[in-house]
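Reading through the structure tokens given below for one structure.
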Amino acid sequence: MNANPDRSHVKVAVVGLGAIGQEHVDIYRAAPEAELVAVVDPRADVREEVATRTGVAAYATLADLLAEGAADAISLCTPDHLHFEDATSIIAAGVHLLLEKPITTDPAEADALTQIAEASDVVVMPGHTLRFEPRYAAARQAVADGRLGQVQHGYLRRDNKVSVADRAAGRTSVAFFLGIHDIDALQWITDQQVTEVQALATGATERTGQQAMAVLGTLRLADGAVVQIESAWNLPEDYPTDLDAAFRLVGNEAALSVHSFDAGMHVAGGGFTLPMTAGASLYGAAQGPLALELGTFLRCCLDDAVPPVTMRQAASAVKVVIALEEAVASGLTVAVAPVAAAGAGA
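Residue numbering for the sequence shown follows the numbering used here, beginning at 1 and increasing consecutively.
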């Protein structure tokens with residue numbers, strides 16, 4: 001393990017400098033527990049711009065970074081299909097890992113990554129930001145306290161503008177990009193696994209190629225509750241907000257709802273918009289769920305602590321999304337495959 005001997009901060013690198021990777025860069029730069037030491041991206045213009053702006057080293061490949069041994073921890077923000085190879089290399093090098101969601105889109109890789117992480121002596125934490133959203137945490141506490149009674153049904157929605165589908169450019173699906181947030185949150189909040197799913201999808205368009213614009217499904221939890229899920233990236237560009245999301249559970253004693261359509265700030269004049277404020281910078285430091293997530297990861301690295309989001313939980317969410325996509329393709333009810341037991345097949 002590339003441990004920092006003074007234990008006061010973590011030397012961290014960010015691999016993958018897309019939109020989310022650059023958010024990681026800015027958060028680590030402001031975090032007192034972090035020393036941003038490097039960035040990695042195959043695009044020379046992108047990595048050099050970020051390196052110049054931040055004053056850190058730039059590498060073209062993960063292998064080059066690992067060969068230097070400069071980082072105690074890495075945020076891996078590469079495209080989904082690269083996660084397995086990159087993550088296994090990082091863990092093998094004894095470097096702590098924050099792995100952006102989804103951890104992979106392949107069921108065998110989800111099992112293998114879980115087993116590799118559980119057998120390692122480094123911190124491996126999946127990046128599921130809703131775990132660090134106060135409203136979702138309050139929803140989990142309400143369910144745990146029994147305020148809803150027996151959960152009977154629910155509804156999950158996460159919709160983006162169509163430009164998000166354009167940016168994805170065939171690299172991921174709407175269910176893996178959006179739906180996995182709500183699936184992980186549902187299983188965490190209810191402490192129940194999704195056992196089977198049904199799903200339908202809208203057709204692809206010229207803008208999205210082979211990608212469906214929306215997936216709508218039904219999830220059955222282990223205790224019998226039924227939850228509908230809507231994941232879409234077809235909102236018009238003049239829609240007033242970038243994200244229209246909702247989380248609703250109904251029990252036999254109470255119901256709860258979380259809405260992310262309106263954050264409470266309205267801008268009117270030449271149009272009407274509802275800006276998202278959760279990740280806004282405040283006095284030079286990023287705020288919101290992602291900043292809390294990365295701060296938690298850093299503290300786990302410093303304290304050798306078990307992260308609050310585990311690879312097994314993240315792999316379970318992957319298995320549910322895979323089942324949803326199989327249900328879309330087959331038109332059948334699909335059972336969700338379990339995550340392989342620790343050490344199975346090793």
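For every residue, glycine included, the Cβ atom is placed at its ideal position computed from N, Cα and C.
Given the structure is predicted, the values throughout are model-derived calculations rather than measurements.
Residue(s) in a DSSP beta bridge with SER316 = The partner list for SER316 (beta bridge, DSSP) is empty, contrary to what the question assumes.
Inter-residue Cα distance where the pair is ILE183 and ALA323 | About 12 Å.
Should HIS266 go down as buried or exposed, given a rule of 16 or more other Cβ atoms within 10 Å for buried?
-> By the Cβ neighbour-count rule, HIS266 is exposed, with fewer than 16 other Cβ atoms within 10 Å of its own.
Those runs of the beta strand (DSSP E) which lie wholly inside the stretch 288-332 and span at least 3 residues = Here no run is fully enclosed.
Verify whether the separation of the beta carbon atoms of GLY127 and GLU293 is less than 8 Å.
-> Against a cut-off of 8 Å, the Cβ pair of GLU293 and GLY127 comes out as a contact.
Considering only C-alpha positions, which residue in the set ARG147, ASP72, GLU109 is nearest to GLU35?
-> Of the candidates ARG147, ASP72, GLU109, the one whose C-alpha sits nearest the C-alpha of GLU35 is ASP72.
Have a look at VAL14 and ALA263 and give me their C-alpha separation to the nearest angstrom.
-> Approximately 29 Å between the Cα atoms of the pair.
From THR202, GLY94, GLY295, residue whose alpha carbon lies closest to that of TYR28 = Closest by alpha carbon: GLY295.
Unbroken stretches of the alpha helix (DSSP H), 4 residues or longer, contained in the stretch 73-154 | You should have 83-92, 107-119, 134-144.
Spatial neighbours of LEU99 within its chain, please: CB distance less than 6 Å, with the 5 preceding and 5 following residues excluded, ordered by chain position.
-> Taken in chain order, the residues that qualify are LEU76, ALA87, PRO126.
Bridge partners - ASN160, DSSP secondary structure assignment | Paired residue(s): LEU243.
Using three-state DSSP, classify PHE261 as helix, strand or coil.
-> Three-state DSSP puts PHE261 in coil, outside helix and strand.
Buried versus exposed, by CB contacts within 10 Å (16 or more), PRO338 | Counting the other CB atoms within 10 Å of its CB gives PRO338 a total below 16, which places it among the exposed residues.
May I ask you to verify whether the stretch 313-329 touches the stretch 52-64, counting CB pairs closer than 8 Å and requiring at least 3?
-> Not touching, per the Cβ criterion.
Give the secondary structure of VAL339 by DSSP, where H, G and I count as helix, E and B as strand, and everything else as coil.
-> Note: VAL339 maps to coil in three-state DSSP.
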